[in-house]
Amino acid sequence: MRKTFKTLLLALPLAMAGITAAQADNTSAEGRWRQIDPDTHRAKSIVEISRASNGSLHGRIVELLNPSRPNPTCDKCSDDRKDKPITGMEIIRDMRADGANKWSGGNILKPDEGKVYKSKMELIEGGAKLQVSGCIMFICKSQTWERM
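Counted the way mature numbering (1 follows the signal peptide of the UniProt record, and there is no 0) counts, the sequence shown spans residues -24 to -1, 1 to 124.
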């Protein structure tokens, strides 16, 4: 009985540390996200966002869900991503922290259009979703991505 009680007392701080670590994950955009199409409300791809050595966030498509053709490439792109496979492609570049749970200053590529937008991202709903928006001039588009 005493051993069980001592084990529980020792395990409690470890359990609390695990809960704290899990909550900390929801304060960063790093991780895997399900990109939801705002028109169809269906998942289009899985994007993995990671932190670069300079602290900026970058994201790449790790999986396309139901692509329109097998192994699509970015034939409409006009930069270094032109004619490269979309799976594995970096679509988010140079996002920098802009307050708590917000990032801006980078850009995002929409591969099916080949357009690069100035971008902002913000965690919403306690970090369960990521609001991603991109603008060219005064034309803006927005999507809500779900954490996986």
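Just so you know, even glycine gets a beta-carbon here, dropped at the ideal spot from N, CA and C. Computed from a predicted model, the values in this text were never measured in an experiment.
Beta-carbon proximity of residue i to residue j, cut-off 8 Å
i, j, result
"Gly82", "Ser21", "no"
"Gln11", "Gln107", "no"
"Thr3", "Gly64", "no"
"Val92", "Asp55", "yes"
Cβ separation of residue i and residue j, assumed to be a contact under 8 Å, to the nearest whole Å
i, j, result
"Thr87", "Cys111", "The amino acid occupying residue 87 in the given sequence is Pro; Thr does not appear at that position. Pro87 to Cys111, Cβ: 17 Å. No contact."
"Ile67", "Gly90", "Incorrect: roughly 11 Å between the Cβ atoms, too far for contact."
"Lys78", "Glu98", "5 Å"
"Ala5", "Ile25", "5 Å"
Identity of the residue in the options nearest residue i by Cα
i, options, result
"Lys96", "Gly102, Met113 and Arg72", "Arg72"
"Asp15", "Lys117, Glu66 and Glu122", "Lys117"
Three-state secondary structure (DSSP) of residue i
i, result
"Glu89", "coil"
"Gly103", "helix"
"Pro61", "strand"
"Ala76", "coil"
"His17", "coil"
Residue environment, residue i, which counts as buried when at least 16 other CB atoms sit within 10 Å
i, result
"residue 137", "Here the chain has residues from -24 to 124 only, and residue 137 is not among them."
"Leu41", "exposed"
"Met124", "exposed"
Residue i: CB within 7 Å of a non-hydrogen atom of the ligand HEM
i, result
"Glu6", "Summarising the ligand content, the structure contains no ligands, and the ligand HEM is consequently not present."
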